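Asks:
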Amino acid sequence: MRNRIANETEQERELRLEIGRANRIRNRQRVVQLYAAGDHSNVNSHRLGRMNVECTNCGALHFPEESSNRSSTFKDCCHYGKVHLTMLPEREFPDLLRDLFMRLDTRSKNFFDCIRNLNSSVSMASMNPLRYRYPSSRGPYCFRICGQIYHKMNIALNPDLGDEPAYGQVFIVDTVEAISTLHRSNPVIDKKLLVDVYELIKEISPFAQAYRMMKEEEDEEFERAIRENRSPIRRLGYNVPRANEVAAVYVPGADGEVPDAKIVVRERGKELRILNSTNEMVTPMTYPLFYPRGTLGWHPDIRQENSNRRVTRLQYVSFSIGIRKEFNPILYGGKLFQQYCVDEWVKIEEDVEKRGISARIPDKDKDIELYDLVKKFMIHGPCGDLDPNCPCMEEKIVNGKKIRKCSKGYPKLFQEETLVLENGLALYSRPRDGRIVEVFVFGKRFELDNRWVVPHNPYLLKMFRCHINVEKVNSVTSVKYLHKYVHKLPDRATMNYEEKNDYDEIKEYIDARYICPQEAVWRILEYPTYDRSHSITTLPVHLDGEHVCYFDENMNEDEIREKIRMILSY
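Residue numbers for the sequence shown follow this note's numbering, so the first one is 74 and each next one is one higher.
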């Protein structure tokens, strides 16, 4: 603190003193208002003043009341200068969408009335929440969800015969056919507006261009096959590219595995794939009206300013919704802005839930202690083909044949990022990163990778230095699993677990809760959700000389006197 003050410029010193004076005046006014609350004959209206205090790091605007003595930066925009993101310059944002957002276009009313429908019509991925249904009223619109949110996309390049195109498929069919299909699904949207927005996204979105390039590649293959008098080669999949890449056709490896890819698009089918929330393409694919040029969203590898620490999703989103002098389409989104905030807060909650559970081999160079503990306590088996006689192996009948498989499902499949499925089951991150541990079982040496790691918590593992399996609670079976562990000792107690109503507390919480945009923004900006102004102590009410004092017979006289003194001191 002293070094900062000693090195500050004259302008910084004046700003610090001005903020300090404003805080002192504000505190004095609060005391005056507290005592004046009993008289409402002459009350001054509360005014926030002008939003003209600019964050010196990111330029976000704030009210004078939000200033603090700490610095001229703020937490709810850039976390005191830790976060600095490159936003899409206003000059690069399409004129059509900017005029619609700023209500300079005559069709802006229809645009805002149907903004969520219009956005979903031209999006490559969809947000699939269970909407909270509440009685209709004349109040303002409020977007709410109930339960979990999933982002899905149709991974088929072409719709099946008889099916209408959806998601990215609408960008590979004829424009007239696409508009006809989209308008049938959303007749409330002005048709000319739908045509203009569709043509714009089709022209500038890298995701729409990727679908078109994949379709062109497929058509060219059919033409080559006709010329060469052969059957066309069936491409099994395509990679949807990053914003600065082109679409690439891939061929599966010799083992039939698909190469590492962010999103896979097949030739045909009806499967809707759940997208990983850590994928940087999820947000621009879901909100093309906010990200028409496909600007990538948050991903785990964004670094803080002048630090090796990563920018969290919460820090990223709070920076993105900061109010600045530059045009920000997200803040003009109306109903779509509400959906965006709720969507992002649910992702933030999921990120927090995923923390603390690891199913991967630690970096030996960064934390040799944790590496040794995982190697010693948290490696399963080996079993399966490596050791068919392992205790976890059990016989199962598959297609009428008896086979021996691991009862715990090891080895697991490789998984780049943690993914929570619709049933609440978590597929933990087990990347193919080349890390291995060497274990010896009955004199045999084995090299095991992340597929063999038992889910654990590094903190608990270091504290107790023993095998501790940590799992995400997703059903009542997890609670039953805990009871099983408690009673695995030699002297077992007999207990009867009766499940009367099949009560799933976690699922009940997910299905019963609803998240509205006000709460989402409040939590994204990390504003306090509770506060306490006074410590409350319960005092007994009694007549003079008729107080009652309860004490234990083992208490000494001084302790009893202290209890009586507390009763009489008020």
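Quick reminder that beta carbons are idealized off the backbone N, C-alpha and C, glycines included. Computed from a predicted structure; not experimentally measured.
Quick one: which unbroken alpha helix (DSSP H) runs of 4-plus residues sit fully inside the stretch 120 to 176? Chain order, please.
Replies: 148 to 151, 168 to 174, all fully within the stretch 120 to 176.
Asks: Roughly how many angstroms lie between the CA atoms of residue 357 and residue 184, to the nearest whole one?
Replies: 19 Å
Asks: Please work out which residues of its chain come closer than 8 Å, Cβ to Cβ, to residue 376, disregarding the five sequence neighbours upstream and downstream, and give them in chain order.
Replies: Counting only Cβ-Cβ distances below 8 Å, and skipping sequence neighbours, we find 382, 383, 384.
Asks: Does the Cβ-Cβ distance between residue 195 and residue 284 come in under 8 Å?
Replies: With a cutoff of 8 Å on beta-carbon distance, residue 195 and residue 284 are scored as not near each other.
Asks: Which two residues bound the contiguous alpha helix (DSSP H) that contains residue 450?
Replies: 441 to 450 is the extent of the alpha helix (DSSP H) around residue 450.
Asks: Three or more beta-carbon pairs under 8 Å between the stretch 250 to 268 and the stretch 185 to 192, yes or no?
Replies: As far as the Cβ criterion goes, the stretch 250 to 268 touches the stretch 185 to 192, which means the pair count is three or higher.
Asks: Once DSSP output is grouped into helix, strand and coil, what is the label at residue 353?
Replies: DSSP places residue 353 outside both helix and strand once states are collapsed to three, so it counts as coil.
Asks: Would the beta-carbon of residue 452 fall within 8 Å of that of residue 510?
Replies: yes
Asks: If you check the beta carbons only, do residue 280 and residue 367 fall under 8 Å apart?
Replies: yes
Asks: Going by CA-CA distance only, name the one from 411, 118, 78, 523 that's closest to residue 444.
Replies: Comparing C-alpha distances from residue 444 to each of 411, 118, 78, 523 shows the shortest one belongs to 523.
Asks: With DSSP collapsed to three states, give me the class of residue 487.
Replies: coil
Asks: Going by alpha carbons, who is nearest to residue 466 out of 473, 475, 480, 455?
Replies: 480
Asks: Nearer than 7 Å: is that true of the beta carbon of residue 535 relative to any heavy atom of the ligand NAP?
Replies: The ligand NAP is absent from the structure shown, which contains no ligands of any kind.
Asks: Between residue 158 and residue 389, which are expected to be in contact by the criterion C-beta below 8 Å, what is the C-beta distance as a whole number of angstroms?
Replies: That belief holds up - the Cβ atoms of residue 158 and residue 389 are roughly 7 Å apart, short of 8 Å.
Asks: Answer yes if the stretch 500 to 507 comes into contact with the stretch 517 to 535, meaning at least three C-beta pairs across the two stretches below 8 Å, and no otherwise.
Replies: yes
Asks: Among the candidates 437, 125, 491, whose CA atom is the shortest distance from the CA of residue 429?
Replies: 491
Asks: Which residues in the same chain have their Cβ closer than 8 Å to the Cβ of residue 477, if we skip the five residues on either side of it in sequence?
Replies: 461, 466, 467, 468, 469
Asks: CB residue 373 to CB residue 359, shorter than 8 Å?
Replies: no
Asks: In the structure shown, what three-state DSSP assignment does residue 499 receive?
Replies: strand
Asks: So what's residue 468 in DSSP terms, helix, strand or just coil?
Replies: strand
Asks: Look up residue 476 in the DSSP assignment and give the residues it is bridged to.
Replies: 469
Asks: Between residue 145 and the rest of its own chain, which residues show a CB-CB distance below 6 Å, the 5 nearest in sequence each way excluded?
Replies: 88, 129
Asks: On the premise that residue 593 lies in contact with residue 528, defined as a C-beta separation below 8 Å, what is that separation, rounded to the nearest angstrom?
Replies: Actually they are not in contact, since the Cβ atoms of residue 528 and residue 593 sit about 29 Å apart, beyond 8 Å.
Asks: Roughly how many angstroms lie between the CA atoms of residue 52 and residue 95, to the nearest whole one?
Replies: Only positions 74 to 643 of the chain appear in this structure, which leaves residue 52 out of reach.
Asks: Per DSSP, which residues does residue 58 bridge with? Please list them.
Replies: With the chain covering 74 to 643 only, the question about residue 58 has no answer from this structure.
Asks: Does DSSP put residue 91 in a helix, in a strand, or in coil?
Replies: helix
Asks: Secondary structure at residue 592, three-state DSSP: helix, strand or coil?
Replies: helix
Asks: Ends of the alpha helix (DSSP H) at residue 267?
Replies: 264 to 277
Asks: Assess, as a yes-or-no matter, whether the stretch 397 to 406 is touched by the stretch 120 to 134 under the definition of 3 or more beta carbon pairs within less than 8 Å.
Replies: Yes: at least three Cβ pairs fall under 8 Å.
Asks: Sorted by chain position, which residues of the same chain lie with C-beta nearer than 7 Å to residue 166's C-beta, five sequence neighbours on each side aside?
Replies: Correct list, in chain order: 400, 402.
Asks: Cβ atoms of residue 266 and residue 180: under 8 Å apart, would you say?
Replies: yes
Asks: From which residue to which residue does the alpha helix (DSSP H) around residue 189 run?
Replies: Where residue 189 is concerned, the enclosing alpha helix (DSSP H) stretches over 188 to 194.
Asks: DSSP on residue 84, reduced to helix/strand/coil?
Replies: helix
Asks: Can you round the beta-carbon distance between residue 598 and residue 391 to whole angstroms, since I take them to be within the 8 Å contact cut?
Replies: 5 Å
Asks: Residue 435 to residue 353, Cα distance in whole Å?
Replies: 25 Å
Asks: Quick one: which unbroken alpha helix (DSSP H) runs of 4-plus residues sit fully inside the stretch 350 to 406? Chain order, please.
Replies: 355 to 359, 386 to 393
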